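Some notes on the structure that comes next.
Protein chains: 2
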Amino acid sequence: MTGDPFYKDLNPISFLDRSADVYPDKPALSYGDITYTYQDFYNRVNKLAGALQKEGIKKGDRVGFLVPNIPAMFEGHYGPLKIGAVLVAINTRLSAREVSYILNHSGAKVLVFDSEYAELINQIKNELPEITRFVQVVDTFPKSSLVKGPEYEEFLNSAGPGEHRVPLESESDPISINYTSGTTGMPKGVQYHSRGAYLSALGEVVESGMNYASKYLWTLPMFHCNGWCFTWATTAVGATNICLRRVDPLEVYRLIEEESVTHMCCAPTVLTSMYSIPDADQQDLSGVTIMTAGAPPAPQVIRSMENMGAHILHTYGLTETYGPTTICAIQPDWKEKSSEEVANLKARQGVAYIVADTGMRVVDTEMNDVERNGSQMGEVVMNGNIVMSGYFDDEDATNKAFEGGWFHSGDLAVWHPDGYIELQDRAKDIIISGGENISSQQVEKVIMEHDGVLEVSVVGVPDERWGEVPKAFVMSKEGVTVSEEEIITFTRDRIAHFKAPKYVEFGELPKTATGKIQKYVLRDKEWEGKEKRIQGSSLT
Amino acid sequence: MTGDPFYKDLNPISFLDRSADVYPDKPALSYGDITYTYQDFYNRVNKLAGALQKEGIKKGDRVGFLVPNIPAMFEGHYGPLKIGAVLVAINTRLSAREVSYILNHSGAKVLVFDSEYAELINQIKNELPEITRFVQVVDTFPKSSLVKGPEYEEFLNSAGPGEHRVPLESESDPISINYTSGTTGMPKGVQYHSRGAYLSALGEVVESGMNYASKYLWTLPMFHCNGWCFTWATTAVGATNICLRRVDPLEVYRLIEEESVTHMCCAPTVLTSMYSIPDADQQDLSGVTIMTAGAPPAPQVIRSMENMGAHILHTYGLTETYGPTTICAIQPDWKEKSSEEVANLKARQGVAYIVADTGMRVVDTEMNDVERNGSQMGEVVMNGNIVMSGYFDDEDATNKAFEGGWFHSGDLAVWHPDGYIELQDRAKDIIISGGENISSQQVEKVIMEHDGVLEVSVVGVPDERWGEVPKAFVMSKEGVTVSEEEIITFTRDRIAHFKAPKYVEFGELPKTATGKIQKYVLRDKEWEGKEKRIQGSSLT
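Structure below.
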């Protein structure tokens, strides 16, 4: 159909083209004193595209961004896309080693980073042979001289004149790679294709009910599944994006009031922090739709927020599904139920998105649907247009993930008689803490590097604030004394701080007859008395 | 990508699959005493699919429906689709001759018709050799014995057991053909492909802001562009469809109140009839979003409806664009304007739909964009995913329509500096009356058959109620006296009544030196003092 007048590749860049045309004077981005209209935004993206072209970036080339939720990161979702290049938005909480791995694995040729991370980039800049240009965004933090290269604004101005645009060859071309912690240690690069990103963005518009009058507050990191594709969704409808560098509940409340925020997304931990401030009950969240995912919110979290007037949408998904792919769709007859009952119903992960239609099942190990009885557990599997096209440069992992023709989430759930799923446990060895994925194997590998450690097993344990946190069970070498503090510091020095164990317990590890560590025994003990063996879903 | 787990054909049948799963007990269709839940609706569609299969209907076969806006017509949008067959929904106001032409041209093998039209079908049943089965829907009108065949409910029950489903080969497969009056007389079959219908439906959801709580009133005929694709849009979100057989303002008001209607679509003439009833100012339309198209609504129409509380969305499109493809998008700063100013701004046809993105231009005869100055006129052309894939079995017309790689609407418009288009005139020889297309050539051909007529030219003239109506200028044969009444009756006997001239004027016709009738001279005279040479757009 390509080339036909009745066919056009589905590509989120068209959202920008249209909104710049329809809403040129409307604020697209607002950040502190900065306001960029849609025309400004279009022009800046065009400059970014031109500057990247001048730097030699071609269709399919990767461009790294290590930038918090400020306008440059938003622009990063359009500049590379406009010339057919691929965005690699990197989690700003990762360690130098992990950032280095991602940049090398993706083969990024340009890195745009915020000066807050100059020190980190300085540590690794010599291990990144493919990067030809480091571009520094100077915002809250002073310009660093540690890393050579132009400032972001200077870089934009280096673009040649005119319009810079390179069409995709097909709507199945990748437009972004999002690295996520898998089970096997180092992050895997989840590829989003243009069609999927476009449909996912439209899906968010439909599910969240956004329109031209919406004001979207960026409490969700844009480096998580490209902000669950809201980076493209808000532009589709011509909404205003309110950026914020750091999520602080008081700042969130201030922006909600001052900017008349209508929509935001976040992990439940952000909600917990919001209703935990003193005088939270003085806050008025009526008119604010909050989509939450990244961990199953407790019913009490939903109730607390709705008591403040917020409209809570509970969704679930993974990086591999462009962010949310299920929603706890509200049923008309819930109106007649008590707020407690509704919160319980809403605490389930729900049903497939409209754009995911029937592309979600809960299956047994033979890929048969489990019974919809609310008790038989199975793995959540997905297919369809909002499932990744594979892991970048990792065919084995891709094939494994798509075994049987469906994407395997690794999340275990029950299927209720009304068709709603509810997460119960995780098949894969991932810990989810505050909405961030942690590979227990990666943490184990690091701890094993410690001289005094003989064996280690890391599991997620319940945590009031973060849902779960890693706990290490360590068998130290004979005659060696290692402290909890030592293990924690050792790990924090090597990987992202949130991945380091919060607790360390020493002693013999439970094993099978064949000598395999029985992780479930460790977990069982820690989760005793908890109804579900999960406090986090894999949406990071 | 077909076959990949991250690809699924865009197909509106998935909306039904999902909504039946998510909202099984929610009313999908409501009509008088009848309520079908989404599960009922799914089951009935499945039966229809099975019955059609039993009748020998295969992928790609056409199925005709001549049924008003009652549940059977809605089901007609899913039964054939479910087995990959193609719906031909026929305008119930057409004449027997036209219906016969459409059925034969499309090669329909089954015809489902309402008993109201039994007499009409009886007239043509012997000219329809390809139809193997006539199915009669018995609703308000008694069962007719004129046409042999099962009743609709009986037909549904003839389906075999189990699930009936045939997938499309590709999302570019046609799923419906909508016949529209073109310039050249007999109707042309506009083909909708699955991808376009899916995206158009999502587009309607996004532009109209529908969700699961919406109640959609069927004031727009489903045979017009498949109800502007709302037949699929309402199902996508799990909304409730309120059917009504005939549009009567009092009935519309009653249903709006009793059923808590949130959305409806219609031509401006319906709006005129709504605010023209006695005590219209007693009506409360707050909470009702009304999308209007099919003719440019006068600012006063928009104001009158908004004074009653309705939220008016003004859209524009053609059968060839799946219904609406532009919307007069509201700008935030319109809030500060007077209601009169806003109504004037809203009376323009606007900008491309989000799903049409930049697929709309106003061009001169060399296909260059006209200036956006609100005065240079050009033709509106479209491309992209919500443009038809061509006219069924009419390559010449298709090629002509797509000259230069864009679909030519035949509508002339100016482009305002803010990017909004405003229709001015029509390049093609079509009259649009009450939202219905009339080919002036078709009317001329019929009148020419009258013995007393030497020459005729038919143009659209302004009409308070219908926007425009056909007027015939007749030069009668020498020595013959023909009356206005005679011409009108002669025409009404042969084609749809709304196509017959409302006025006939006798006398010499203005001609060029080469003898060509100067239609524009006739039109100029009739439209003197009117700002625009158009009262109807081609959305039928």
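Quick mapping for you: the protein sequence lines, in order, are chains A and B. Following the numbering used here, the numbering of the first sequence begins with 1 at its first residue and continues without gaps. Following the numbering used here, the numbering of the second sequence begins with 1001 at its first residue and continues without gaps. Every residue gets a Cβ at the ideal spot worked out from N, C-alpha and C, and that includes glycine. Bear in mind the structure is a predicted one, so any value in this text is a computation, not a measurement.
Strictly below 7 Å CB to CB, what residues from chain B border S14 (chain A)?
The sequence position of residue 14 (chain A) within the first sequence is 14, counting from 1. Residues of chain B passing the Cβ test: D1357 and T1358.
V1206 (chain B) - partner residues in DSSP beta bridges
One-based indexing of the second sequence puts residue 1206 (chain B) at position 206. V1206 (chain B) is not bridged to any residue.
Please state whether the Cβ-Cβ distance between D281 (chain A) and V1351 (chain B) is less than 8 Å.
Indexing the first sequence from 1 puts residue 281 (chain A) at position 281. Indexing the second sequence from 1 puts residue 1351 (chain B) at position 351. In this structure, V1351 (chain B) does not lie closer than 8 Å to D281 (chain A) by Cβ.
Would DSSP call Y420 (chain A) helix, strand or coil?
As a first step, residue 420 (chain A) must be located in the first sequence, where it is residue number 420. For Y420 (chain A), the three-state secondary structure derived from DSSP is coil.
Find out if the Cβ-Cβ distance for the pair I431 (chain A), T491 (chain A) is shorter than 8 Å.
Here residue 431 (chain A) refers to the residue found at position 431 of the first sequence. Here residue 491 (chain A) refers to the residue found at position 491 of the first sequence. No, these two residues do not count as a Cβ contact at 8 Å.
Kindly list the residues whose CB is nearer than 6 Å to the CB of E204 (chain A), restricted to its own chain and excluding five residues on each side of it in sequence; keep chain order.
Indexing the first sequence from 1 puts residue 204 (chain A) at position 204. Only C229, F230 and A233 meet the Cβ criterion.
Between F498 (chain A) and chain B, is any beta-carbon pair separated by less than 8 Å?
Start at 1 with the first residue of the first sequence, and residue 498 (chain A) comes out as number 498. F498 (chain A) does not count as touching chain B.
By Cβ distance below 6 Å, which residues in the same chain neighbour S1200 (chain B) in space, the five residues on each side in sequence not counted?
Within the second sequence, numbered from 1, the residue matching residue 1200 (chain B) stands at position 200. For S1200 (chain B), where only same-chain residues beyond five positions count, the Cβ hits under 6 Å are C1229, Y1322 and I1386.
By DSSP's criteria, I312 (chain A) is part of a beta bridge. Which residues make up the other side?
Taking the first sequence and counting its residues from 1, one reaches residue 312 (chain A) at position 312. According to DSSP, I312 (chain A) shares a beta bridge with A:I290.
Could you give the DSSP three-state label for M305 (chain A): helix, strand or coil?
What you label residue 305 (chain A) is simply residue 305 of the first sequence in a count that begins at 1. Helix.
So G1050 (chain B) is in the alpha helix (DSSP H); what residue range does that whole segment cover?
Within the second sequence, residue 1050 (chain B) is the residue found at index 50, counting from 1. Where G1050 (chain B) is concerned, the enclosing alpha helix (DSSP H) starts and stops at Y1038 to K1054.
Beta-carbon proximity list for V270 (chain A), same chain, < 7 Å, skipping 5 on both sides
Reading the first sequence from its first residue, position 270 is the one you call residue 270 (chain A). Hits under 7 Å: T219 and V247.
Who are the near neighbours of I487 (chain A) in its chain, counting only those whose CB is closer than 7 Å to its CB and skipping five residues on each side?
To locate residue 487 (chain A), count along the first sequence from 1; it is residue 487. Excluding residues within five positions, the ones whose Cβ falls inside 7 Å are I447, H450, A472, V474, P501 and V504.
What residues in its chain sit with their C-beta under 8 Å from that of M360 (chain A), if we drop five residues either side in the sequence?
Here residue 360 (chain A) is taken as the residue at index 360 of the first sequence, counted from 1. If we look at M360 (chain A) and ignore the five residues flanking it on each side, its Cβ neighbours are T325, T326, V351, A352, V380, V381, M382 and I421.
Residues in the same chain with beta-carbon distance under 6 Å from G60 (chain A), minus the five sequence neighbours each way, listed in chain order, please.
The residue you call residue 60 (chain A) lines up with position 60 of the first sequence. Hits under 6 Å: none found.
Cβ neighbours of A1397 (chain B) in the same chain (closer than 6 Å, five flanking residues each side left out)
Here the question's residue 1397 (chain B) lines up with position 397 in the second sequence. Annotation for A1397 (chain B): K1188 and Y1391 place their beta carbon closer than 6 Å to its own, counting only its chain and skipping 5 residues before and after.
Keeping to the same chain, check which residues put their C-beta closer than 6 Å to that of T319 (chain A); ignore five residues upstream and five downstream.
By 1-based counting over the first sequence, the position of residue 319 (chain A) is 319. Taken in chain order, the residues that qualify are N178, T180, V190 and C225.
Given that N211 (chain A) touches chain B, what residues does it touch there, using C-beta distances under 7 Å?
Residue 211 (chain A) sits at position 211 when you count from the first residue of the first sequence. Ordered by position in chain B, the residues that pass the 7 Å Cβ test against N211 (chain A) are G1209.
From B:S1439, B:D1284 and B:P1012, residue whose alpha carbon lies closest to that of R1195 (chain B):
One-based indexing of the second sequence puts residue 1195 (chain B) at position 195. Checked all of B:S1439, B:D1284 and B:P1012; the closest Cα to R1195 (chain B) is B:P1012.
Could you tell me which chain A residues have their CB closer than 9 Å to the CB of G1384 (chain B), listed as they occur along the chain?
Start at 1 with the first residue of the second sequence, and residue 1384 (chain B) comes out as number 384. Against G1384 (chain B), the close residues of chain A are P5, F6, Y7, K8 and S14, in the order they occur along the chain (beta-carbon pairs closer than 9 Å).
Exposed or buried, which one is R1303 (chain B) when buried takes at least 16 other CB atoms within 10 Å?
Here the question's residue 1303 (chain B) lines up with position 303 in the second sequence. By the neighbour-count rule (16 or more Cβ atoms within 10 Å), R1303 (chain B) is buried.
My guess is that I1571 (chain B) and P1299 (chain B) are in contact by the Cβ rule of under 8 Å, so how many angstroms apart are they, rounded?
Nothing in the structure corresponds to residue 1571 (chain B), since chain B is present only between 1001 and 1540.
Check whether the segment 38-47 of chain A touches the segment 75-94 of chain A, taking contact to mean three or more Cβ pairs, one atom from each stretch, closer than 8 Å.
With a cut-off of 8 Å, the segment 75-94 of chain A and the segment 38-47 of chain A count as touching, because enough Cβ pairs lie within range.
Just to confirm, are S1208 (chain B) and I1495 (chain B) a CB contact at a threshold of 8 Å?
To locate residue 1208 (chain B), count along the second sequence from 1; it is residue 208. To locate residue 1495 (chain B), count along the second sequence from 1; it is residue 495. It is not a contact, given that the beta carbons lie outside the stated cut-off.
Quickly, what does DSSP pair T1240 (chain B) with across the bridge? List them, please.
Against the second sequence, residue 1240 (chain B) aligns to sequence position 240. Within the DSSP bridge table, the entry for T1240 (chain B) names B:K1215 as partners.
Which residues does DSSP list as the beta-bridge partners of H1263 (chain B)?
Sequence index remark: in the second sequence, residue 1263 (chain B) carries index 263 (1-based). H1263 (chain B) pairs with B:Y1216 and B:T1289.
What does the Cβ neighbour count give for Y520 (chain A), buried or exposed, with the cut at 16 atoms within 10 Å?
The residue labelled residue 520 (chain A) in the question sits at position 520 within the first sequence. Burial call: exposed.
Within 8 Å (strictly less), CB to CB, does I1330 (chain B) reach chain A?
Sequence index remark: in the second sequence, residue 1330 (chain B) carries index 330 (1-based). Proximity of I1330 (chain B) to chain A, defined by a Cβ-Cβ separation below 8 Å, is satisfied.
Beta-carbon separation (whole angstroms), P470 (chain A) vs S409 (chain A), contact threshold 8 Å:
In the first sequence, residue 470 (chain A) corresponds to position 470, counting from 1. In the first sequence, residue 409 (chain A) corresponds to position 409, counting from 1. Not confirmed; about 20 Å, so no contact.
Per-residue DSSP class, three states only, for K1511 (chain B)
Within the second sequence, the letter at position 511 stands for residue 1511 (chain B). Here K1511 (chain B) sits in strand by DSSP.
Whole-angstrom C-beta distance between C1243 (chain B) and F1074 (chain B), which should lie under 8 Å:
For the purposes of this step, residue 1074 (chain B) is taken as the residue at position 74 of the second sequence. For the purposes of this step, residue 1243 (chain B) is taken as the residue at position 243 of the second sequence. Between F1074 (chain B) and C1243 (chain B), the beta carbon gap of about 7 Å places them in contact (Cβ cut-off 8 Å).
According to the Cβ coordinates, are L509 (chain A) and S457 (chain A) closer than 8 Å?
Numbered from 1 along the first sequence, position 509 holds the residue referred to as residue 509 (chain A). Numbered from 1 along the first sequence, position 457 holds the residue referred to as residue 457 (chain A). Cβ distance < 8 Å, so L509 (chain A) and S457 (chain A) count as in contact.
Kindly indicate which residue of A:V443, A:V370, A:A401 and A:N437 has the alpha-carbon position closest to the one of G419 (chain A).
Taking the first residue of the first sequence as 1, we reach residue 419 (chain A) at position 419. When each option's Cα is compared against that of G419 (chain A), the closest is A:V370.
Assuming contact is defined by CB atoms lying nearer than 8 Å, are V1237 (chain B) and I354 (chain A) in contact in what I supplied?
Start at 1 with the first residue of the second sequence, and residue 1237 (chain B) comes out as number 237. Start at 1 with the first residue of the first sequence, and residue 354 (chain A) comes out as number 354. The Cβ atoms of V1237 (chain B) and I354 (chain A) sit closer than 8 Å to each other.
Can you pull the DSSP bridge partners for I1517 (chain B)?
Counting from one through the second sequence, the residue named residue 1517 (chain B) turns up at place 517. In the DSSP output, where bridge partners are listed per residue, I1517 (chain B) has B:K1511.
Return the CA-CA distance between L1539 (chain B) and M1377 (chain B), expressed in angstroms with no decimal places.
Numbered from 1 along the second sequence, position 539 holds the residue referred to as residue 1539 (chain B). Numbered from 1 along the second sequence, position 377 holds the residue referred to as residue 1377 (chain B). Per-residue confidence for L1539 (chain B) stands at a pLDDT of 42, beneath the threshold of 50, marking its modelled position as unreliable; the derived number appears in the next sentence. Approximately 20 Å between the Cα atoms of the pair.
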